[in-house]
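Reading the sequence shown from the start, the letters are residues -19 to -1, 1 to 313 in mature numbering (1 follows the signal peptide of the UniProt record, and there is no 0). Yeah, the Cβ is synthetic: ideal placement off N, Cα and C, and Gly gets one too. For reference, the structure discussed in these notes is given below.
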Amino acid sequence: MHSLRALPLLATLTQFLSATAEPAAQQQQQQQQHILAAEDNDDTPLPVVIWHGLGDSYTAEGMQQVGSLIEASNPGTFVYFVRLDSDGEADRRSTFYGNVTEQLAKVCADLASHPILSTAPAIDAVGFSQGGQFLRGYVERCNVPPVRNLVTFGSQHNGIVDYRACASSDWLCRGALALLHGNTWTSFVQSRLVPAQYFRDPADLDSYLAHSNFLADINNERGPKNATYAHHIAALDNFVMYMFEDDTTVIPKETGWFEDVEDGKITPLRARKMYEEDWIGLRALDRKGGLKFKTTPGEHMQLSDRVLTEVFNEFFGPYKVSSKKSNVVGEL
């Protein structure tokens, strides 16, 4: 079993767009150029981008083992580990502290300028814990190079209301926890504490919508809606969401499937307004068979080589190989 040490959980969009994003027409042209390039890369596995979770780093042994499994499943795969700092410990610290909008802008720029990723027809992506919703943010906000298949494990797509993630000796984590619960909606915390930027309490949506620095935007919960976000998600081949059956770290665990949980009542994604009105393209993707809900046994981030290898064999590989679509999309 892999315990990836990826603990869960835990600027404005206008500033982000004006500072880092290209005009929509130029962005779409770049994506089309990537797709056309596929004709010359039919037998080469698409590169895979990995984004680790809270308390982890791109240099961690567990992440490197995941990369090795990807390469073993599809020999010749170029694996890229998202990093916010070349120093492993500084990269780990950035999972707790930093402005997620600024962090994501850096990742968008890094991938778009990478000598290998930037020339690929597309990429596949796998996100562990909070890395999953951050990669989804990449798809929605920039997506150059474009993502073909996105796989997330135990991610907080609908936010968190709490987390149990800190070892007694992990003062970096314990400090973040204290800050999260004490001053969640202040501009100071929303621009500096990473888990706070995907905190979402259904009982206090007004505060969330008014102050959330990240999640409220990429979930398109404010108005007017950003049509580009929905377009990019709907254009995925597959969006595969894994929830850990015995997860007691992510609260609520159902956030991994975009489910809303309030007072113990679970509202499935397909019964939510965000799906019915297709705020981020999930309904359109679902209708073409690309939205997949999966579970795996165990606690948060406890993954077997078998599960990972099955995922990598099914959804990663050469561009010309269509992802194997199951007959049953999944049930909520």
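Check                                                                                                                                                                            : Outcome
Just to confirm, is the Cβ distance from Asp91 to Leu27 under 7 Å?                                                                                                               : no
Kindly indicate which residue of Leu289, Asp267, Phe293 and Gln114 has the alpha-carbon position closest to the one of Asn200.                                                   : Gln114
Quick check on DSSP: helix, strand or coil for Glu240?                                                                                                                           : coil
So Gly120 and His33 are in contact, right, with Cβ under 8 Å, and what is the actual spacing, rounded?                                                                           : The sequence given here has Val at residue 120, not Gly. Not quite, the Cβ-Cβ distance comes to about 17 Å (not below 8 Å), so this is no contact.
How many angstroms separate the CA atom of Lys273 from the CA atom of Ala71?                                                                                                     : 34 Å
So what does DSSP say about Tyr256, is it helix, strand or coil?                                                                                                                 : helix
Do you know whose CA, among Pro278, Thr276 and Glu257, lies nearest Arg268's CA?                                                                                                 : Glu257
Three or more beta-carbon pairs under 8 Å between the stretch 281 to 297 and the stretch 33 to 53, yes or no?                                                                    : yes
Please name the residue in Trp260, Tyr223, Ala216 and Asp143 whose C-alpha comes closest to that of Pro127.                                                                      : Ala216
Less than 8 Å between C-beta atoms, sequence neighbours within five positions excluded: which residues of the same chain meet that for Pro183?                                   : Val142, Asp241, Val242 and Glu243
What alpha helix (DSSP H) runs, 4 residues minimum, are completely inside the stretch 44 to 84?                                                                                  : 69 to 74
Have a look at Leu196, Trp166 and Asn294 and flag the residue whose alpha-carbon is nearest the alpha-carbon of His138.                                                          : Leu196
If contact is defined by three or more beta carbon pairs under 8 Å, each pair taking one atom from either stretch, is the stretch 54 to 66 in contact with the stretch 83 to 97? : yes
Along the chain, where does the beta strand (DSSP E) that runs through Asp187 open and close?                                                                                    : It is not in any beta strand (DSSP E) - Asp187 instead sits in the alpha helix (DSSP H) that spans Leu186 to His192.
What does the alpha-carbon distance come out to for the pair Thr209 and Trp260?                                                                                                  : 10 Å
Given this structure, state the Cα-to-Cα distance separating Thr165 from Thr229, to the nearest angstrom.                                                                        : 22 Å
Is the CB-CB distance between Val125 and Ala103 below 7 Å?                                                                                                                       : no
Between Met222 and Trp238, which are expected to be in contact by the criterion C-beta below 8 Å, what is the C-beta distance as a whole number of angstroms?                    : 6 Å
Specify, as a first and last residue, the run of the beta strand (DSSP E) that residue 348 falls within.                                                                         : Absent from the model: residue 348. The displayed extent of the chain is -19 to 313, so no value can be given.
Just the Cα atoms here: how many angstroms apart are Ala191 and Phe180?                                                                                                          : 13 Å
For Phe293 and Val30, what's the separation of their Cα atoms in angstroms?                                                                                                      : 12 Å
Of all the options Met224, Ser67 and Leu131, which has the alpha carbon lying nearest to the alpha carbon of Pro278?                                                             : Met224
Taking Val63 and Val81 to be in contact with their CB atoms under 8 Å, please state how far apart those CB atoms are, rounded to whole angstroms.                                : At roughly 13 Å, the Cβ-Cβ gap does not stay under 8 Å, so Val63 and Val81 are not in contact.
For Ala86, count neighbouring Cβ atoms within 10 angstroms of its own Cβ and tell me buried if that reaches 16, exposed if not.                                                  : buried
Who pairs with Asp182 in a beta bridge, going by DSSP?                                                                                                                           : None, per the DSSP bridge assignment.
On the CB-based measure, 16 or more other CB atoms within 10 Å of its CB, does Asp198 come out buried or exposed?                                                                : buried
I'd like to know whether the C-beta atoms of Thr290 and Glu226 end up nearer to each other than 7 Å.                                                                             : no
I'd like to check one pair, Gly271 with Asn219: are the Cβ atoms closer than 7 Å?                                                                                                : yes
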